[in-house]
Amino acid sequence: MSEKIRILAVDDSKSTLEVLKRNLESQGYDVLTCLRVDEALSLLEEHEIDIVITDFRMPQATGLDLIRHVRENHRDVELMMITGYPSISGAVEAIKDGAGEYLPKPFTSEELQGAMDRIVERVHRRRALKAVEVPDETYGIVGNSPGMQLVFRRIGKAAATNANVLISGDSGTGKELVARAVHYHSDRRAAPFVPVNCAAIPDSLVESELFGHVKGAFTGAKEARAGFFEIANGGTVFLDEIGDASPNMQAKLLRILQSKEYCKVGSSVVHTVDTRILAATHKDLKRLVEDGSFREDLYYRLHVVDIPVPSLAERGDDILILISNFLVKFSKTMQCPTPSITDEALTALRNYSWPGNVRELENLIQRMVVIVDHDPIEVTDLPPNMRFSLPMEERVDRSLAEVEQEHIKNVLIMTDNNKTRAAEILGINRKTLREKLKRMEEQE
Ligand SMILES: Nc1ncnc2c1ncn2[C@@H]1O[C@H](COP(=O)(O)OP(=O)(O)OP(=O)(O)O)[C@@H](O)[C@H]1O
Ligand SMILES: [Mg+2]
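The letter at position 16 of the sequence shown is residue 16 when you use full-length UniProt numbering, and the numbering goes up by one with no holes.
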């Protein structure tokens, strides 16, 4: 939280900028300077700026244009105007109206100090307010089911500590989403979140990827390179697919977890790191430990807090909330009206087994929004394997004929009424299928 305050000073006079910079830097502020308003606009995009100090009269756009731009686009930025023309009415009022500071040129360093004190107090107040913003209870993750409520509670706990966390769950359940929620709700949020895919790093590069290397450390090391732990210093390293880490990688990770120290490849200088570790896996890590393919000591270090993420099939009606969220999200990106969906199609989706979990559902809804050109989305718009998951009658007191008829109907839905395909699936010839259908029609 005690991050330095960053100031952007804009003036077409180099000497004024130099005076400002020297003066403000000696007071411990970070100072960026530029001579033109258009440069100022790009600096505002590229950096987190707390205060803009601007001249009034400049070639091209004026300080007033800059102030208007900041008011509209960077509401958290405080403003100060310096001008050699204090009589310009309008300008002074404009800045005072917006609770900004105004300083006539030439100014003494005491006058600058006085104006800065008032403005900095406002920056601190703003930062303090941000810090107590209560995190949304669901961290922007959609779901209400008991399994997800446990996930939310654990995210809250994990975010409040520095403990290592192991996130487990099947592929596509949202493990990375959970990891990001932990990081962005922890007090490390201002430092980087660095995902590392443990399954994708060749064994020979593990050390240099994790810890970096110095120039000339090995053939091909033409430039020095920072490792993941260095980049994440002060923040979080997310070890994704930790169950796939090689024995070599496991050993390297254990060492840095224990000592919080590392050396770059090709150097013996010891660096200390301050990183929080989150790890995720779709594998049963406990079983890997029992099999001897995952180190027990590393396992215990990683799973101080564990967050089990349930599969989509275990989340009950969450799937309906997810569907409606994804319909809104994708129709927004497509800039089309949000389509509705029939109850029958919803039932089919609710009963489907979702082996690819939320990712599969998300992809399906995206595809539906793109390709279905009528409203509502119907069961026949769904892929055949999903249509098939319409509810089977659960009663067991039914005759063979009844069950057969229902099965035939389902196969026809699934094949889009393609009788040849249906006969193939049912293992009967087309003539037999035709006869059965005729009998069914007569009965109805
Ligand atoms: N509860 C949820 N609410 C909204 N979106 C979700 C939710 N869970 C997952 N998603 C979305 O589903 C997709 C898959 O999530 P994510 O990449 O976090 O899964 P994962 O568990 O890391 O998968 P894998 O094991 O395959 O790496 C992402 O686009 C994510 O935003
Ligand atoms: Mg993932």
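Don't be surprised by glycine CBs; every beta carbon is placed ideally from N, CA and C. All figures in this text were calculated on a predicted structure; none of them were measured in a lab.
Should the region 321 to 335 be regarded as contacting the region 359 to 378, the criterion being three or more beta carbon pairs within less than 8 Å? Yes: the two stretches touch, three or more of their Cβ pairs being nearer than 8 Å.
Buried or exposed: which applies to T83, given that a residue is buried once 16 or more other Cβ atoms fall within 10 Å of its Cβ? Indexing the sequence shown from 1 puts residue 83 at position 83. Its Cβ being crowded by 16 or more others within 10 Å, T83 is buried.
DSSP three-state assignment for R276, whether helix, strand or coil: In the sequence shown, the residue the question calls residue 276 occupies position 276. Three-state DSSP puts R276 in a strand.
DSSP state of S293 mapped onto helix, strand, coil: Taking the sequence shown and counting its residues from 1, the one referred to as residue 293 is at position 293. If DSSP states are grouped into helix, strand and coil, S293 belongs with coil.
Tell me whether the beta-carbon of M174 lies closer than 9 Å to the beta-carbon of V289. Walking along the sequence shown from the start, residue 174 turns up at place 174. Walking along the sequence shown from the start, residue 289 turns up at place 289. This sequence places Gly at residue 174; Met is not what is there. No, the Cβ-Cβ distance between G174 and V289 is not below 9 Å.
Any chance you could list the residues with Cβ under 7 Å from a heavy atom of ligand 2, keeping chain order? K175, E176, D240, A280
Between L79 and E230, what straight-line distance do the alpha-carbon atoms span, to the nearest angstrom? Locating residue 79 in the sequence shown gives position 79, counting from the first residue. Locating residue 230 in the sequence shown gives position 230, counting from the first residue. Taking the CA atoms as reference points, L79 sits about 35 Å from E230.
Identify the residues that DSSP records as bridge partners of D121: which are they? One-based indexing of the sequence shown puts residue 121 at position 121. For the record, residue 121 in the displayed sequence is Glu; it is not Asp. According to DSSP, E121 bridges with nothing at all.
In whole angstroms, what is the alpha-carbon distance linking R439 and Y352? Your numbering for residue 439 matches position 439 in the sequence shown. Your numbering for residue 352 matches position 352 in the sequence shown. The straight-line gap from Cα to Cα measures roughly 30 Å.
Less than 8 Å between C-beta atoms, sequence neighbours within five positions excluded: which residues of the same chain meet that for A191? Along the sequence shown, one-based indexing puts residue 191 at 191. Cβ within range, chain order: A232, N233, G234, G235, T236.
Cα separation between D170 and P383? Reading the sequence shown from its first residue, position 170 is the one you call residue 170. Reading the sequence shown from its first residue, position 383 is the one you call residue 383. Cα-Cα distance, rounded: 22 Å.
Between H303 and R295, what straight-line distance do the alpha-carbon atoms span, to the nearest angstrom? Walking along the sequence shown from the start, residue 303 turns up at place 303. Walking along the sequence shown from the start, residue 295 turns up at place 295. C-alpha separation (whole angstroms): 12 Å.
When A279, A217, E176 are compared against D244, the one with the closest alpha-carbon: On the sequence shown, residue 244 is found 244 positions in, with the first residue counted as 1. Per the Cα distances, A279.
I'd like to confirm the pairing. Which residues does DSSP put opposite I167 in its beta bridges? The residue you call residue 167 lines up with position 167 of the sequence shown. Answer by DSSP bridge pairing, in chain order: A280, I307.
Is L322 near G143, with beta carbons less than 9 Å apart? Taking the first residue of the sequence shown as 1, we reach residue 322 at position 322. Taking the first residue of the sequence shown as 1, we reach residue 143 at position 143. Result yes, Cβ atoms of L322 and G143 sit closer than 9 Å.
Report, in whole angstroms, the separation of the C-beta atoms of L298 and L253, which I expect to be a contact under 8 Å. Locating residue 298 in the sequence shown gives position 298, where the first residue counts as 1. Locating residue 253 in the sequence shown gives position 253, where the first residue counts as 1. The Cβ separation is near 6 Å, so the contact holds.
Nearest-angstrom Cα separation, counted from L361 out to I103: Taking the sequence shown and counting its residues from 1, one reaches residue 103 at position 103. Taking the sequence shown and counting its residues from 1, one reaches residue 361 at position 361. The amino acid at residue 103 is misidentified as Ile; the sequence shows Leu. Each residue's Cα considered, the two are about 58 Å apart.
Residue nearest to I341 in terms of C-alpha spacing, selected from P355, G356, I377, S324: As a working note, residue 341 is residue 341 in the sequence shown. It is I377 whose Cα lies nearest to the Cα of I341.
State buried or exposed for A348, treating a residue as buried only when at least 16 other CB atoms are found within 10 Å of its CB. Looking up residue 348 in the sequence shown gives position 348. Buried, because 16 or more other Cβ atoms sit within 10 Å of the Cβ of A348.
Own chain, CB closer than 7 Å to E314, minus 5 neighbours either side, in chain order: Along the sequence shown, read from residue 1 onward, the residue named residue 314 stands at position 314. Here the set comprises G147.
Paired residues, beta bridge with H407 - DSSP: Taking the sequence shown and counting its residues from 1, the one referred to as residue 407 is at position 407. None, per the DSSP bridge assignment.
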